[in-house]
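Worksheet: the structure to be examined is printed underneath.
Residue numbers (UniProt numbering): 1 to 657.
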C-alpha cells in the first residue's frame, strides 16, 4: 500500500514515534498559532507503537506514531497543537495530513534494525525547526467499498483573532514536493507527482466532513481566497516554494484551511511514476498587509524633470501631502518633503520621502593636461561636480583617485540628468638618476664615522643637505636621517635619504659567585637586550643557563661592534640539615635547646608556631638558642628558610618539660 493509499493500522504501529520537543517561533504579527508545527502533545514515549491502544476512540490513538491530524476540533489529545483535519478518521487508515517531526529518525533506526528493511530518509525535510505536515493535493483513491475519487488532504487551524472586515491580509505558506513510495519505509518503487493545486481558504467556522465515504473528495464547492496560480506547477523537491497572496477579508473569519480545492480535471500535474502528488507544508503566515508605500526615503531629480510614483495596488483612501488622492501622482523636481497615506482597510499606512533637485551640468572639466618633474605623493584627480556614481579609467568608483604614474585618465560621471565624460593627460619628468647616495641605510659603531660621496654629481647644478651643507660629500658622526636635494638644469628636484643608526655597547652585567646545593640545579639569567647576542660558556644563546656542578663560568653579550663579558664561580656545598623533633627542657644541659646541625655555616631564618597556629618565636639568624622558655610543653611547628640557597624546611618539634 503506498503512502498516498493510507497507512494501515499495522503499518502505523511500526512507523514514527514522536519525541517530546517543542520549539516556538514567535512572530508578533502572525495570526497563525503554531505556524511551523513545532508544538505537539505526545501520548507516549516508546520508540514504536506496539503497546499503544488500537482503539480509534482512545485519546492516545494517532498521537504516538506518524499519524494524521486529529479529526475535528475538540479532540482531547492533539498530535500537533492548534491544527486539525477536516474529515473523520477511518479505523483502517490515516486519511488526514501526516504530521512528522525529528523523532522519525529514531524510528528509522529501530525499524531498520528490527525488520532489516532499507529505510528511506529523503522525505524528512522541514523548512525551519524540526516539524511539518504532509498533504496530498492530486491523485485518486480506489477501494472496493468506495468509488474512484480525488485524493485530497486538508489541514485547518483557528487563528488567534478573527479577521477584520475590508482589511487586507497577506497570506503565505511554503511547500516542498516529496517523493512517493509503495511502502512507507522501503525503497520498493519511487515516483514523483507535481501539481499546481494549492489554496488557502478562510471561513468563520471550521470545515468538517463526517461522511467516511467522502474522505478523499476535493472540496470543489469552496473557493479559497489565496491560491497558487493555475499552471504554476510546484515541482521543486529541494527548496521550499512560497505560495502567497493578498486578499480582502469579509470580516469574522477565524479558520484557515490549506489544501487543493480543485478536482483532478481542473488540476494541472506532472508525474514520472505513481500518480499522486505529496507536499510538505511548513511556516504558514497570516498577517495584516502593511506594504511600504514608497520604496525610497530620499532621492534626487534633475531640475528639469518629473517623478511619477505609483502606490501598491489594492489599497484605498490615498492622501498625498500635495492634496492629491490618486494612487499615482507625478511630482515636478524641487527640494521638499512629501508624505502619503493609504488604508489597507483596517490601518492607515503612512510614508515620508524627500526630493532634492539637481542642476543640469553643461560639461565635465578635469582641467588642463599637467606636467610634473615628479608627481606629488598626494596628487589626485577630483571630479569638479557631484555625481550619483563615478567610473574612472582605472575602475575606481569614488569622486577622486590618487595618481602615482603618468598616463591618460578619464572620468564618466552619472547623475539624475545623464552622463558626462572628460579626459586628462598627466606627464612626469624622467629623472637621469634617482640614486644619489652610494650607501644604503646603515648602522655605525658609536666610536666610528661614515664618509658619503654623491654619485654622478656633475649631472646636477646644486645640492642642499638637510644639515645646511651644500657640498657634494658628507662625513657622518651621529645617528640620524640625512637627506639631500639636487636640482637638474631643467629645475627638477631629485631627493635621496640615508638613515644612520648607532650601535652602542651592551649594558654591563654582573653575576655574583654563588653556592649550589649538592644534587640541585642553579638557573642563572642575564637581562635580555634587543639587538644583542648572548653566548654562554657552553655555546648556548638563551637568556638563562642551567648549572649542575661546581666550576668557573662565563657569559658574553655582544653586538656587531662590542662585547661585554662576566665570569662567576659556583661552589657546591652539602645543604643537608639535621633537625631534631624532640627537646627535653629539664635543666640537665642535655637536649635542652632546639639545635639545627649544618655541614657548612648557613644563615637560617626560623619561625615557630604553636599547635593553634600562634607564632611563638622568630629569628632572621637563628643561633640554636630556642628552648621554649615561657611556653608550655607540647607540639610546635617550624618553618626554616635559607635565602642564600633558596631552600625551605617545615616540620614539627615536641617539647617535653
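Heads up, the beta-carbon is just placed ideally off N, CA and C, and yes, glycines get one too. Just so we're clear, the structure is a prediction, and the values are computed from it rather than from any experiment.
Exercise for the section: Return yes when the Cβ of residue 174 is within less than 8 Å of the Cβ of residue 283, no when it is not. Expected result: yes
Problem - Reference residue 428, options 457, 389, 490, 413, closest by Cα - result: 490
Problem - Where residue 38 falls, given that 16 or more other Cβ within 10 Å makes a residue buried - result: buried
Handout entry: Contacts around residue 398, its chain only, beta-carbon distance under 7 Å, and the 5 residues preceding and following it disregarded
Key = 390
Exercise for the section: Flag this pair as yes or no: are the beta carbons of residue 150 and residue 216 separated by less than 8 Å? Expected result: yes
Exercise for the section: Take residue 330 and list the residues in its own chain whose beta-carbon comes closer than 6 Å to its own, dropping the five residues that flank it on each side. Expected result: 306, 308
Exercise for the section: Would you give the residue range spanned by the beta strand (DSSP E) that residue 501 belongs to? Expected result: 493-503
Exercise for the section: Reducing DSSP to helix, strand and coil, say where residue 170 ends up. Expected result: strand
Handout entry: Residue interval of the beta strand (DSSP E) (run including residue 636)
Key = 634-642
Handout entry: Cβ shell of residue 257 (< 6 Å), same chain only, five flanking positions each side left out
Key = 154, 156, 201, 207
Practice task
Give the single residue among 221, 197, 632 whose Cα lies nearest to the Cα of residue 653.
Solution key: 632
Practice task
Report the rounded CA-to-CA distance for residue 463 versus residue 542, giving the unit in angstroms.
Solution key: 49 Å
Practice task
Determine the contact status of residue 311 and residue 332, defining contact as a CB-CB distance below 8 Å.
Solution key: no
Handout entry: Residue closest to residue 577, alpha-carbon to alpha-carbon, out of 539, 630, 594
Key = 594
Handout entry: Separation of residue 123 from residue 262, as counted between CA atoms
Key = 25 Å
Handout entry: residue 419 versus residue 409 - alpha carbon distance
Key = 17 Å
Exercise for the section: Can you grab the Cα-Cα spacing for the pair residue 170 / residue 29, in whole Å? Expected result: 11 Å
Exercise for the section: Measure from the alpha carbon of residue 247 to the alpha carbon of each residue in 345, 523, 99, then state which is nearest. Expected result: 345
Exercise for the section: Counting only the same chain and skipping the five closest in sequence on each side, list residues whose C-beta sits under 8 Å from that of residue 319. Expected result: 325, 340, 341, 342
Problem - Collapsed DSSP secondary structure at residue 481 in the structure displayed - result: strand
Handout entry: Per DSSP, cross-strand counterpart(s) of residue 310
Key = 328
Exercise for the section: Verify whether the separation of the beta carbon atoms of residue 259 and residue 135 is less than 8 Å. Expected result: yes
Problem - residue 586 to residue 625 span [Cα, whole Å] - result: 15 Å
Handout entry: Same chain only: Cβ atoms within 8 Å of residue 196, ignoring 5 sequence neighbours per side
Key = 228, 229, 230, 231, 232, 233, 234, 267, 268, 269
Problem - Beta-carbon contacts of residue 483 that lie in its chain and below 6 Å, excluding the five residues immediately before and after - result: 466, 497
Practice task
Identify the continuous beta strand (DSSP E) that holds residue 352 and give its terminal residues.
Solution key: 348-358
Problem - According to DSSP, residues forming a beta bridge with residue 320 - result: 340
Problem - residue 35 and residue 295 closer than 8 Å at C-beta - result: no
Problem - Three-state secondary structure assigned by DSSP to residue 655 - result: strand
Practice task
Closer than 7 Å by C-beta to residue 741: which residues in its own chain qualify, once you throw out the five before and the five after it? Chain order, please.
Solution key: Since the first residue of the chain shown is 1 and the last is 657, residue 741 is not available in this structure.
Problem - Per-residue burial, residue 430 [other beta carbons within 10 Å of its own, 16 or more giving buried] - result: exposed
Problem - CA nearest to the CA of residue 639, picked from 630, 617, 416 - result: 617
Exercise for the section: Using 10 angstroms around the beta-carbon of residue 494, count the other beta-carbons present and answer buried if the total reaches 16, otherwise exposed. Expected result: buried
Practice task
Pick helix, strand or coil for residue 214, following the three-state DSSP scheme.
Solution key: helix
Exercise for the section: Starting from the Cα of residue 317, find the closest Cα among 336, 349, 287, 299 and give me that residue. Expected result: 349
Exercise for the section: Could you tell me whether any non-hydrogen atom of the ligand FMN is closer than 7 Å to the CB of residue 422? Expected result: This structure lacks the ligand FMN, and indeed carries no ligand of any kind.
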